[in-house]
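Notes for the one structure printed next.
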């Protein structure tokens, strides 16, 4: 399962559409409605962090998720540079 973390950006829906066309099983959560522990419990095979946060303060669990799971779970961060 691919877990998509939505950072309140409209492009998230484009990502969902593209992954869906590839037949990817997904779960989508806003960055402030799921915790890192809840993500861990779901045991996603991959994570996609959407674009959107203007600053790290608006990124919800994005940074913590990268710190906690980045070494063990493939993470694609879109437009986070």
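Residue numbers (my numbering): 2 to 82. From the three backbone atoms N, C-alpha and C, an ideal C-beta is built for every residue, glycine too.
Proximity to residue 3 across 33, 52 and 46 peaks at 46, based on C-alpha coordinates.
Within 10 angstroms of the beta-carbon of residue 49 lie 16 or more other beta-carbons, which makes it buried. Between the C-alpha atoms of residue 23 and residue 17 there is a straight-line separation of about 10 Å.
Among the bridge pairs identified by DSSP, residue 61 is matched with none. Taking 8 Å as the upper bound for CB-CB distance, residue 61 and residue 33 are in contact here, some 4 Å apart.
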